[in-house]
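Below is one structure; the comments refer to it alone.
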Amino acid sequence: MSNLPVLSVKNLKTGFQTESGMLLAVDDLSFDLFKGKTLGIVGESGCGKSVTSLSIMRLVPQPNGKILSGSIEFNGKNLLDLPLNQMRKIRGNQISMIFQEPMTSLNPVFSIGNQIKEVIQLHQNLSKAEAQNKAIELLKLVGIPAPEKRINDFPYQLSGGMRQRIMIAMAIACDPDVLIADEPTTALDVTIQAQILDLLRNLQSTLGMSLVLITHDLGVVAEMADDVMVMYAGQAVEYSSVKELFSNPSHPYTQGLLRSVPRISYGAIQSADKSKKRLETIPGIVPHLLNLPKGCRFQDRCQIAQDVCKKDDIPFEKLSVNSTHQTRCLFKGKGNNS
Amino acid sequence: MSEEILLSVKNLEKKFPIKGGLFSREVGAVQAVSSVSFDIKKGETLGLVGESGCGKSTLGRSILRLIEPTAGEIIFKGHSLTQMRKQDLRKLRRHMQIIFQDPYASLNPRMTVEEILSEPLDVHKVCNSKDEKLKKIYNLLDLCGLRKESVSKFPHEFSGGQRQRICIARALAVSPDFIVCDEPVSALDVSIQAQIVNLLQDLQKELRLTYLFIAHDLKVVEHISDRVAVMYLGKIVEMASAQELYHSPKHPYTQALLSAVPNLDPEHKATRIVLKGDPPSPLSPPKGCHFNPRCPIAKANCLESYPVLRNMGSHDSKVGHQASCHYA
């Protein structure tokens, strides 16, 4: 593994023009993705995690959405400076993406073979027959039974899990360096989710891809990711290795998230004291992006907030000089009295 | 929790006919729910888990006769719902309510919160005067953690979690005994989920409510339920107290389901039973045990006969642990 990141996002700002002003969906976001590693991006709906991935692909909805500033370096090139025809060569070829809804991201009027071959023929100089063979190979790789027959199926003939496999086959058709998976298992049942996560992990180790895994499920992150970035209201609030994050969460929001997920105790909790047990919650709701409080964006829901939290923007700082663990909290998640 | 049985479901069945061909004759049927039986005691929460398409929502709705069951019997507070005339049923509906999954789709966008909460009160003639009604509405809002000012607002002015609170307030308006919670938290964010789960638990304690809690999230179900039933392809395959079911699941499907839940601890990656394939179509369930094509321990007789739900001889025989597997 080299120490140069494959993908390096710096000070990214993406906004949407709305009637009541510019809405900053992603505000000053920076992160690195290393070769063969998985970066998990966690956050609740509206925190900007999907807009981040769309920004990397330069697929932010036009004309209202716009990347305002920052840079996205991929193998040393700034993607934001590339002309569109070159971006098109990278998209789906070197960086590809899997979307949340396998039901709606496939075209219902083309066979799945057609849709996979489209990617291959667009980016690689292959004949029709070669593309056909490659498509069958890909279907085999993602675990579709009887791929020679299935290749002529239409999306409606496949189950949700199979459709997601087709999406993955399309995404890895050109051996991408970076695969962005935006909530790849959210629409699926747990047993199917386990299959898809297994598949992604195997493909990653055989193909050496880097993976950006966007999800709201902390369990998925714990299983898949090497590094994690937690987002809140458009900003990164914590960044660390997955082990650090779960053992030493240093932002009150991360701590709250971890506490509010019920854990399967496998019967360890006696049913008698269960009625007394309550889930810990994060009070309140996410502030509206057009009406953010001054200072820390989490202050209204935070248990350790002080007056200083309401003054200025909170810097995103390392826990210590040598640490890679960063947090956007003045108190590093620790209350003054604790 | 008392021993009094509030709701008793016996051999409930629901078939959806499939029509096709000339004169749209019936060409087949989807067996969405087949011979499901269980009791719910007063004040208890029965969790119902299963994957999409296993029939858990159909079951929940059939119990309230929002979908007419094809066969079987439902006894609620000593009344047989399945035999009842529509107008009598409507009166009894006051005592059983439902909360739906999607708080965005289950509130009329053109009604204010006051109108939404008034409707059940008017239908069942709960209040005698306007003042009494308004007082009742304020009470409900307070109970569900919403502000008084909300009465004149429209659903679009609320977040998902707040909307689900309105749905809960609406269900509580007629002071029911029994509430079917059909995936009440799956559309919500994690931090909001916890708020709603706590609210449901508090209300249960305060108002002595009985829940049928339908969900696909095994973590939430363990947290809130006293007993849990696992469904697969229209049938209950295992039922036990929550503690027992999560501690020693007997049915291979339950075992696989539990092992498939991502673990929150990155240091301990549990060994996982990954099931092959997808759930079969309820249109043509496999012969014998419905789970046999995906089952890691299936043997010859699993392809022949469907295993009946039998007692597992658990140490806690009062609650009972049932599973339908030849080899459990």
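Protein sequence lines, in the order shown, are assigned to chains C and E. Under the working numbering, read the first sequence as residues 8 to 345, first letter to last. Under the working numbering, read the second sequence as residues 8 to 335, first letter to last. Positions of the beta carbon are idealized from the N, C-alpha and C atoms, including for glycine. Predicted model, so just to flag it, every value in this text is computed and none were measured.
For residue i: DSSP bridge partner residues
| i | result |
| --- | --- |
| C/Glu324 | C/Thr334 |
| E/Pro24 | E/Ala36 |
| E/Gly168 | DSSP lists no partner for E/Gly168. |
| C/Thr222 | C/Val49 |
| E/Gln250 | Answer is none; E/Gln250 lacks a bridge partner. |
| C/Phe81 | C/Leu14, C/Lys84 |
| E/Gly54 | E/Phe220, E/Val235 |
| E/Ile47 | E/Leu14 |
| E/Ile81 | E/Val16 |
DSSP three-state assignment for residue i, whether helix, strand or coil
| i | result |
| --- | --- |
| C/His130 | helix |
| C/Pro294 | coil |
| E/Pro110 | coil |
| C/Gln277 | Because C/Gln277 sits at a pLDDT of 49, beneath the cut-off of 50, its placement in the model cannot be relied upon, and the following sentence gives the value as read from the coordinates. Coil at C/Gln277, not helix or strand. |
| E/Arg191 | According to the sequence as given, residue 191 of chain E is Pro; it is not Arg. Reduced to three states, the DSSP call for E/Pro191 is coil. |
| E/Ala335 | coil |
| C/Gly28 | strand |
| C/Tyr246 | strand |
| E/Leu13 | strand |
| E/Asp272 | coil |
| E/Val228 | helix |
| E/Tyr218 | strand |
| C/Gln23 | A small correction: the amino acid at residue 23 of chain C is Phe; Gln does not occupy that position in the sequence shown. If DSSP states are grouped into helix, strand and coil, C/Phe23 belongs with the strands. |
| E/His86 | strand |
| E/Tyr239 | strand |
| C/Gly263 | helix |
| C/Arg95 | helix |
| C/Met104 | strand |
| E/Ala178 | helix |
| C/Asn121 | helix |
| C/Phe38 | strand |
| C/Lys73 | strand |
| E/Leu19 | strand |
| C/Met8 | In this prediction, C/Met8 scores a pLDDT of 47, lower than 50, which makes its location untrustworthy; no coordinate-derived value is stated. |
| E/Ala305 | coil |
Whether residue i touches residue j by CB criterion (8 Å)
| i | j | result |
| --- | --- | --- |
| C/Ile203 | C/Ser60 | no |
| E/Val4 | E/Lys21 | Absent from the structure is residue 4 of chain E, since the part of chain E shown begins at 8 and ends at 335. |
| C/Gly167 | C/Gln262 | no |
| E/Leu14 | C/Gly226 | no |
| C/Val33 | C/Leu46 | no |
| C/Gly150 | C/Leu207 | no |
| E/Phe165 | E/Ile173 | yes |
| E/Ala176 | E/Leu147 | yes |
| E/Ile47 | E/Leu219 | yes |
| C/Gly43 | C/Gly215 | yes |
| C/Val58 | C/His223 | no |
| C/Glu113 | C/Ile173 | The question names Glu, but residue 113 of chain C in the sequence shown is Leu. Closer than 8 Å, so yes. |
| C/Pro191 | C/Pro162 | no |
| C/Lys56 | C/Met238 | yes |
| E/Ala330 | E/Val244 | yes |
| E/Ala222 | E/Val235 | no |
| C/Pro322 | C/Asp307 | no |
| E/Lys98 | C/Ile271 | no |
| E/Val197 | C/Glu245 | no |
| C/Ile289 | C/Ser267 | yes |
| C/Leu14 | C/Ser217 | yes |
| E/Ser232 | E/Thr52 | yes |
| C/Val67 | C/Ser37 | no |
| C/Gln171 | C/Pro109 | yes |
| E/Pro127 | E/Ala180 | yes |
Members of the stretch 209-243 of chain C near chain E, C-beta cut-off 9 Å: Listed by position along the chain: His223, Asp224, Leu225, Gly226, Val227, Val228, Ala229, Glu230, Met231, Ala232.
Interface residues of the stretch 18-39 of chain C facing chain E [CB-CB below 7 Å]: Within the stretch 18-39 of chain C, no residue qualifies.
Contiguous beta strand (DSSP E) assignments of at least 3 residues, all confined to the stretch 148-216 of chain C: With a minimum length of 3 residues, the unbroken runs of beta strand (DSSP E) contained wholly in the stretch 148-216 of chain C fall at 185-189.
Residues in the stretch 93-109 of chain E having any Cβ partner in chain C nearer than 7 Å: Per Cβ criterion, the list is empty.
Interfacial residues, the stretch 112-125 of chain C to chain E, with Cβ spacing under 8 Å: Look at the stretch 112-125 of chain C: it has no residue with a C-beta under 8 Å from a C-beta of chain E.
Short-range partners of chain E found in the stretch 187-201 of chain C, where Cβ spacing is below 8 Å: Those residues of the stretch 187-201 of chain C placed with their C-beta closer than 8 Å to a C-beta in chain E are Asp196, Val197, Thr198, Ile199, Gln200, Ala201, ordered along the chain.
Residues within the stretch 113-130 of chain E neighbouring chain C, beta-carbon criterion of under 8 Å: Those residues of the stretch 113-130 of chain E that come within reach of chain C (Cβ to Cβ, closer than 8 Å) do not exist; the list is empty.
Near-chain E residues of the stretch 43-64 of chain C (beta-carbon distance less than 8 Å), N- to C-terminal order: Within the stretch 43-64 of chain C, the residues whose Cβ lies closer than 8 Å to any Cβ of chain E are, in chain order, Glu51, Ser52.
Positions along the stretch 227-250 of chain E whose CB lies within less than 7 Å of some CB in chain C: Listed by position, the residues of the stretch 227-250 of chain E near chain C (Cβ gap below 7 Å) are Val227, Glu229, His230, Asp233, Ser248, Ala249, Gln250.
Chain E contacts from the stretch 328-339 of chain C (Cβ-Cβ distance under 9 Å): Along the stretch 328-339 of chain C, there is no position whose C-beta sits under 9 Å from a C-beta of chain E.
Residues of the stretch 147-168 of chain E with Cβ closer than 7 Å to any Cβ of chain C, in chain order: So the list reads Ser166, Gly168, given in the order they occur along the chain.
The stretch 45-65 of chain E: positions lying closer than 7 Å to chain C by Cβ: Only those residues of the stretch 45-65 of chain E whose C-beta falls short of 7 Å from the nearest C-beta of chain C are listed: Glu58, Ser59.
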